[in-house]
Every structure is written in C-alpha cells, then in structure tokens.
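Colleague: In this note's numbering, the protein residues as written are 1216 to 1400.
Every residue, glycine too, gets a C-beta built ideally from N, C-alpha and C.
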C-alpha cells in the first residue's frame, strides 16, 4: 500500500491574542492553518499577570523559553513552577490557573487545536486577566471565521431587494439562500 507524500508548507503566524500584557501568535491551528488537529503558538507575557481558571478538552504541552510560569492545578494553593528550559504536560480535563510573576515567553501546543469553546475558560468577573474582554471577543471572532468562512445571506424571497441571480440559487421554503465569500481584514 502506497502512502501519499504530504506537501511541506510554510505557515505565517496570526496574532490571535493581542492584549496589553499578553500576545499569542498562532503558527498552526484553526485560525492560522485551518488545522483542527493541533495548535502551536508563541506566547509572550510582558508584565506580571494571570489568567482565569480553565479545564481544557485538549492535551497541552508547554515549552518555557524565557522566564517562568506558575500553574495552580485543580485549585491547589501550591503552584507548579515551570522555568525557562523546562516543559510541562497538562492532560485534557486538568483544571489549571496560569500565573506569570514576570515577563515570560513560551510555546503552548494543544491536541486537538485550541478553540475558545474547548479551552473550558471559567469566567471570573472583576479580575484583570491577561486576556482582556476585548482580546477574548476578537479571539472568538477569529475562530468563528475559521469555522464558518462563508457568510450566508438569508432573506424572505418575497421581500429581498437583491437582483435575481443568473442561475437559480437554492431555495428553502420561503427563503432564498445566497453564499458570499468573506474577505479577511
């Protein structure tokens, strides 16, 4: 049985999080390479900060390149310290709160790829997290676009003002469906 050779490809990173204390550039994953199997990013923390607790539905491998991260596992008061030059494996279903006491650079690798829904991020109102509300809103938008790259325009056939298409579009009851390709900004 012959195997088809995979094509090598270069991936350009996408800034999926750009917040005052945290930048995450995704090289592989749902947003950057349309690959749901794995996400690989470079994350840079500029100031001491923390994240909301999360209980992801993915396995996560973390390589710390600079600085250190403190992980509070399953509500533990004693943090697991991961310093530069070390890595940590977090199996899916592990509840963890991330804290960075100072600037840090690390590579998170998630299997399957990270999404805002499978990360199991808990809401902590009133806290100042590394991922701000605005950063989370943009992250959800990027993932929604990656999941649904086409805009579906649905209008009642009797009331829409669009000119008829030369080829009849699909019809569903009283609705006329037209598909338009979205353009990334």
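1) So does the region 1327-1338 actually touch the region 1289-1296, counting three or more Cβ pairs closer than 8 Å?
2) Apart from the five residues just before and just after residue 1400, which ones in its own chain have a Cβ nearer than 6 Å to its Cβ?
3) Does DSSP put residue 1272 in a helix, in a strand, or in coil?
4) Measuring straight from C-alpha to C-alpha, what distance separates residue 1345 and residue 1275?
5) Less than 8 Å between the beta carbons of residue 1254 and residue 1266, yes or no?
6) Can you give the Cα-Cα distance for residue 1221 and residue 1323, rounded to whole angstroms?
7) When you compare each of 1302, 1281, 1312, 1237 to residue 1337 by their alpha carbons, which one comes out closest?
8) Does residue 1238 pass the burial test, meaning 16 or more other C-beta atoms within 10 Å, or should it be called exposed?
9) Please list, in chain order, all residues of the same chain as residue 1226 whose beta carbon is under 7 Å from its beta carbon, the five residues on each side excluded.
10) Determine the DSSP secondary structure at residue 1307, reduced to helix, strand or coil.
11) Just to confirm, is the Cβ distance from residue 1321 to residue 1280 under 8 Å?
12) Please name the residue or residues paired with residue 1240 in a DSSP beta bridge.
13) Short check: CB of residue 1308 to CB of residue 1270, under 8 Å?
14) My output table needs one value for residue 1298: the three-state DSSP class, helix, strand or coil.
15) With DSSP collapsed to three states, give me the class of residue 1336.
16) Exposed or buried, what is residue 1258 when buried is set at 16 or more other beta-carbons lying within 10 Å of its beta-carbon?
17) Return the chain-ordered list of same chain residues with a C-beta closer than 8 Å to the C-beta of residue 1252, the five sequence neighbours on each side being excluded.
18) If we count the other Cβ atoms within 10 Å of its Cβ and call it buried at 16 or more, is residue 1350 buried or exposed?
Modeller: By the coordinates alone:
1) The region 1327-1338 is not in contact with the region 1289-1296.
2) Low confidence applies to residue 1400: its pLDDT is 42, below 50, so where it sits in the model is not reliable enough to give any reading.
3) Residue state, collapsed to three classes: coil.
4) Their Cα atoms are separated by approximately 19 Å.
5) No.
6) Looking at the two C-alpha atoms, the distance is approximately 24 Å.
7) Restricting attention to 1302, 1281, 1312, 1237, the CA atom closest to the CA of residue 1337 is found in 1312.
8) With 16 or more other Cβ atoms inside 10 Å of its own Cβ, residue 1238 counts as buried.
9) Hits under 7 Å: 1242, 1243, 1247, 1248.
10) Secondary structure of residue 1307 (DSSP, three-state): coil.
11) Between residue 1321 and residue 1280, the gap from beta carbon to beta carbon is short of 8 Å.
12) Note: residue 1240 sits in a beta bridge opposite 1230, 1257.
13) The Cβ-Cβ distance between residue 1308 and residue 1270 falls below 8 Å.
14) In the three-state reduction of the DSSP assignment, residue 1298 falls in the strand class, which pools E and B.
15) In the structure shown, residue 1336 sits in a strand (DSSP, three-state: E or B).
16) It counts as buried.
17) Non-local C-beta neighbours of residue 1252 in its own chain, meaning closer than 8 Å and more than five positions away in sequence, comprise 1326, 1327, 1328, ordered along the chain.
18) Buried: at least 16 other Cβ atoms inside 10 Å.
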